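To keep things clear, I will list the structure first and then write my remarks on it.
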Amino acid sequence: MKAVWNGQVIAESTDTVLVEGNQYFPLESVNRAFLVPSPTTSVCPWKGTANYYSLHVAGESNTDAAWYYAQPKPAAAQVAGRVAFWRGVQIIDA
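Quick note on our numbering: the sequence shown kicks off at 38 and runs consecutively.
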C-alpha cells in the first residue's frame, strides 16, 4: 500500500493493518520528513486518544492529515506504532 499526497509518496508498506476502513502504516514506513507534529488530539471510545501530524510537502500543508495512537487501548493493540491518513491523502494498493 502507498499513501500519496501532493505528488509525493508519504508512506509505503506491504504490512498495513485495516481498521474501520483506514489503512494503518508502520511508522518506520512513513517518510518523517513530511510529518509535522500537531497539538490536535481526539478520543475514540475503543482505540483511545489519537494524536495528529500535519503534512508539509513541496511548500504545501495538509493540517492534521495523519493520526496515530501512542498508547492504544487493548482492543486496538494492532494499531500501536502505526499511522493512518485522511484529508485528501490517497491510499493506493501498490
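Idealized CB from N, CA, C, for every residue including glycine.
As the structure is a computational prediction, the values presented were derived from the model and not from experiment.
With distances taken between CB atoms, is the gap from residue i to residue j smaller than 8 Å?
| i | j | result |
| --- | --- | --- |
| V126 | V41 | yes |
| Y90 | P76 | no |
| V120 | Y105 | yes |
| T78 | N68 | no |
Sorted by chain position, which residues of the same chain lie with C-beta nearer than 7 Å to residue i's C-beta, five sequence neighbours on each side aside?
| i | result |
| --- | --- |
| K110 | W83, K84 and G85 |
| D130 | M38 |
What separation, rounded to the nearest whole angstrom, lies between the Cα atoms of residue i and residue j?
| i | j | result |
| --- | --- | --- |
| S66 | D101 | 18 Å |
| V54 | A114 | 11 Å |
| M38 | A112 | 24 Å |
| A107 | Q45 | 25 Å |
| N99 | I128 | 15 Å |
| Q60 | L72 | 17 Å |
Starting from the C-beta of residue i, find all residues in its chain whose C-beta is less than 6 Å away, skip the five residues before and the five after it, and write them out in chain order.
| i | result |
| --- | --- |
| A117 | P109 |
| V80 | T86 |
| N43 | V94, A95 and E97 |
When the Cα of residue i is compared with those of the options, which residue comes out closest?
| i | options | result |
| --- | --- | --- |
| L64 | F122, D130 and N99 | F122 |
| F62 | A131, D130, A48 and L92 | A48 |
| A70 | A103, L92 and R124 | L92 |
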